[in-house]
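Notes to accompany the following structure.
Numbering (the working numbering), first residue to last: 584 to 915.
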């Protein structure tokens, strides 16, 4: 009996040891000092992200969790289950199903926020040199996968240019191209809506001049409220309000020049741009200077200073806001 129990314990320990389960994540603490219309405010944000992944053969299960404590708002501590999905393969067909969001680097990622609020199913396969996909959601949402119609995608590299197309019948056609030519990197995406006066164009071009990285990025929308992405990886100030589908009042475009370099291990970046006011609204300028460095402890320290004008102003004088941010982050 003792040998039987010992064998059972050994088997269970072995199963745990060899199970393909991983936990990764990141965390950061942000301190803010904000001066707006003569009023000074100090507050902090804490955010911890955990990703749990289990794998068996070609099938993976992913659950992503976010724990936040936003010090500017009372009782803002929250646990959010962000992504829960399964990926698998059936022959040459890849399947992804559940709740998940597309990132800002994905096609249309700087235009549409890619909401996690819908249950999605994505099916894709290789056809020659192209990847063809079919995507549908069980609920309507603010993202590109909604019940107005299923989206069909195609992706292919043509002569060094990555070309992506997404078509949703009776709704929109999204076309993107990215690549590099003569030392110039580019990304261009056009949202062609079937609704009149509802198109959006996003583009970014960049190159390196000596030790300086230089880029220019812009979004041009036919009208306000068309851009829903509020967590851009490019723009210091955005057209949309973070975590909502609403655009900033009276804004139908944004443009920005970015300069970046590294000095003695410290990455420096300067962003200068303008939010474009629609109709009678005024343009709102903004700038951000940022320095980041990996510390000996393994953490990363980033210090940034923003100076930006108010949006939503039709008449009268603009007011400036200054924001100092100190961010301590770590990946694990």
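For every residue, glycine included, the Cβ atom is placed at its ideal position computed from N, Cα and C.
Uninterrupted beta strand (DSSP E) stretches at least 3 residues long and entirely within the region 645-716 occur at 661-673, 676-682, 703-710, given in chain order. C-alpha of residue 652 to C-alpha of residue 710: approximately 46 Å in a straight line. Non-local C-beta neighbours of residue 637 in its own chain, meaning closer than 6 Å and more than five positions away in sequence, comprise 604, 644, ordered along the chain.
Residue 775: member of the beta strand (DSSP E) spanning 767-776, first to last residue. By the neighbour-count definition (other C-beta atoms within 10 Å, threshold 16), residue 837 is a buried residue. Here DSSP, grouped into helix, strand and coil, assigns residue 818 to coil. Counting only residues of its own chain and dropping the five nearest sequence neighbours on each side, residue 633 has a CB closer than 6 Å to the CB of 608, 648.
Note on geometry: alpha-carbon atoms of residue 910 and residue 712 lie some 43 Å from one another. Taking a C-beta distance under 8 Å as the contact criterion, residue 716 and residue 702 do not qualify as a contact pair. Taking 8 Å as the cut-off, the Cβ atoms of residue 912 and residue 879 do not count as close.
Within the same chain, Cβ atoms closer than 6 Å to the Cβ of residue 631 are found at 610, 650, the five residues on either side in sequence being excluded. Per DSSP, residue 857 is one residue of the beta strand (DSSP E) stretching across 849-860. Residue 855 is positioned such that its CB atom lies closer than 8 Å to that of residue 839. With fewer than 16 other Cβ atoms inside 10 Å of its own Cβ, residue 673 counts as exposed. If you draw a straight line from the Cα of residue 898 to the Cα of residue 865, it comes to about 8 Å.
The C-beta distance from residue 790 to residue 797 rounds to 6 Å, short enough to fall under 8 Å. Under the criterion of beta carbons closer than 8 Å, residue 908 and residue 887 qualify as touching, at roughly 5 Å. Per DSSP, residue 749 is one residue of the beta strand (DSSP E) stretching across 744-751.
For residue 624, the enclosing beta strand (DSSP E) starts and ends at 622-639. With contacts defined by Cβ atoms closer than 8 Å, residue 708 and residue 747 do not form a contacting pair. Here residue 743 has 762 as same chain residues with Cβ atoms under 7 Å from its own Cβ, once five neighbours each way along the sequence are excluded. The residue from 685, 641, 646 with its alpha-carbon nearest to that of residue 662 is 646.
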